[in-house]
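Which chain is which? The protein sequence lines are A and B, in order.
298 is the number of the first residue of the first sequence in the numbering used here; add one for each residue after it.
-10 is the number of the first residue of the second sequence in the numbering used here; add one for each residue after it.
We put the beta carbon where it would ideally sit given N, CA and C, even for glycine.
Since the model is a prediction, treat every value here as computed from it, not as a measurement.
Structure, as structure tokens:
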Amino acid sequence: AQTVTQSQPEMSVQEAETVTLSCTYDTSESDYYLFWYKQPPSRQMILVIRQEAYKQQNATENRFSVNFQKAAKSFSLKISDSQLGDAAMYFCAYRRLMDSSYKLIFGSGTRLLVRP
Amino acid sequence: GAGVSQSPSNKVTEKGKDVELRCDPISGHTALYWYRQSLGQGLEFLIYFQGNSAPDKSGLPSDRFSAERTGGSVSTLTIQRTQQEDSAVYLCASSLEGATGELFFGEGSRLTVL
Chain A
298 AQTVTQSQPE
308 MSVQEAETVT
318 LSCTYDTSES
328 DYYLFWYKQP
338 PSRQMILVIR
348 QEAYKQQNAT
358 ENRFSVNFQK
368 AAKSFSLKIS
378 DSQLGDAAMY
388 FCAYRRLMDS
398 SYKLIFGSGT
408 RLLVRP
Chain B
-10 GAGVSQSPSN
0 KVTEKGKDVE
10 LRCDPISGHT
20 ALYWYRQSLG
30 QGLEFLIYFQ
40 GNSAPDKSGL
50 PSDRFSAERT
60 GGSVSTLTIQ
70 RTQQEDSAVY
80 LCASSLEGAT
90 GELFFGEGSR
100 LTVL
């Protein structure tokens, strides 16, 4: 079964600085999707960024970028120029393309604190 | 609607009672998911609907949990004879069909079983 591991329960960053959140996953498949979701105190999960495994180029969305290392099964999220509004729980997730439900499998999350 | 709507936002119940949680997905989204998030934990998949059918119920933890979806829209998650370990936030998400469909989440229903 696929698993997603986030080894950092909590991270802290100074406003305007850069922080990297780690994620590793376990799969025997070659095609899949990876995601980072943000969960603010409102509880609503918000998609931050998505990566298709067949794409070698790392995805970027404004201040958010990923470092996708397929062989190492690593998918880290880099947040540049951190802002107070970035403070939230961040979840890494995996989607198996051979799964008829396309459900997401989530890691346990990393709480990001942003210091003013 | 504009987004995924869930009700109630918060529910406190006594052990042994039945509860119903409701999810109103984004209009036109054929796929609907229920997840459970226990305190300090990640999201645990419960069930997936495609239209009104549920081809993947593999995450339901026991036969006390059931869900249905009607009219390809609203879904209800029912927990019978609630236990304290059922206390969690129950999140609903909807998406367009397919592997590339982004999941849009509601704000969840926080269930507390006393």
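Taking Cβ to Cβ, would you say residue i is nearer than 8 Å to residue j?
{"i": "residue 362(A)", "j": "residue 321(A)", "result": "no"}
{"i": "residue 80(B)", "j": "residue 32(B)", "result": "yes"}
{"i": "residue 90(B)", "j": "residue 43(B)", "result": "no"}
{"i": "residue 404(A)", "j": "residue 299(A)", "result": "no"}
{"i": "residue 398(A)", "j": "residue 45(B)", "result": "yes"}
{"i": "residue 312(A)", "j": "residue 379(A)", "result": "yes"}
{"i": "residue 411(A)", "j": "residue 310(A)", "result": "yes"}
{"i": "residue 308(A)", "j": "residue 407(A)", "result": "yes"}
{"i": "residue 78(B)", "j": "residue 340(A)", "result": "yes"}
Determine the chain A residues that contact residue i at a beta-carbon separation under 7 Å, and present them in chain order.
{"i": "residue 94(B)", "result": "341 and 342"}
{"i": "residue 97(B)", "result": "340"}
{"i": "residue 91(B)", "result": "344"}
{"i": "residue 79(B)", "result": "Near residue 79(B) there are no residues of chain A at all, since even the closest Cβ is about 10 Å away, more than 7 Å."}
List, in chain order, every chain A residue whose beta-carbon is nearer than 8 Å to that of residue i.
{"i": "residue 52(B)", "result": "Those do not exist, as residue 52(B) stays about 20 Å from chain A at its closest Cβ, beyond 8 Å."}
{"i": "residue 74(B)", "result": "Residues of chain A passing the Cβ test: none, with the nearest at roughly 18 Å."}
Residues of chain B with CB under 8 Å from residue i, in chain order?
{"i": "residue 388(A)", "result": "31 and 32"}
Using 10 angstroms around the beta-carbon of residue i, count the other beta-carbons present and answer buried if the total reaches 16, otherwise exposed.
{"i": "residue 336(A)", "result": "buried"}
{"i": "residue 382(A)", "result": "exposed"}
{"i": "residue 92(B)", "result": "buried"}
{"i": "residue 14(B)", "result": "buried"}
{"i": "residue 84(B)", "result": "buried"}
{"i": "residue 301(A)", "result": "buried"}
{"i": "residue 1(B)", "result": "exposed"}
{"i": "residue 360(A)", "result": "exposed"}
{"i": "residue -9(B)", "result": "exposed"}
Along chain A, in chain order, which residues have C-beta atoms closer than 9 Å to that of residue i?
{"i": "residue 45(B)", "result": "396, 397, 398 and 400"}
Tell me, to the nearest whole angstrom, how far the beta carbon of residue i is from that of residue j; I am working on the premise that it is less than 8 Å.
{"i": "residue 351(A)", "j": "residue 328(A)", "result": "6 Å"}
{"i": "residue 103(B)", "j": "residue 3(B)", "result": "5 Å"}
{"i": "residue 38(B)", "j": "residue 64(B)", "result": "6 Å"}
{"i": "residue 391(A)", "j": "residue 331(A)", "result": "6 Å"}
{"i": "residue 317(A)", "j": "residue 409(A)", "result": "Not really, about 11 Å apart at Cβ, beyond 8 Å."}
{"i": "residue 53(B)", "j": "residue 69(B)", "result": "5 Å"}
{"i": "residue 26(B)", "j": "residue 98(B)", "result": "Their Cβ separation, rounded to whole angstroms, is 11 Å, which puts residue 26(B) and residue 98(B) out of contact at 8 Å."}
{"i": "residue -2(B)", "j": "residue 96(B)", "result": "7 Å"}
{"i": "residue 9(B)", "j": "residue 67(B)", "result": "5 Å"}
{"i": "residue 40(B)", "j": "residue 17(B)", "result": "Not really, about 12 Å apart at Cβ, beyond 8 Å."}
{"i": "residue 367(A)", "j": "residue 22(B)", "result": "Their Cβ separation, rounded to whole angstroms, is 26 Å, which puts residue 367(A) and residue 22(B) out of contact at 8 Å."}
Please list the partners that residue i has in chain B, where partner means a Cβ-to-Cβ separation under 7 Å.
{"i": "residue 403(A)", "result": "31 and 32"}
{"i": "residue 406(A)", "result": "31"}
Q: Quick one: which residues of the stretch 355 to 367 of chain A get their C-beta closer than 8 Å to a C-beta of chain B? List them in chain order.
A: none
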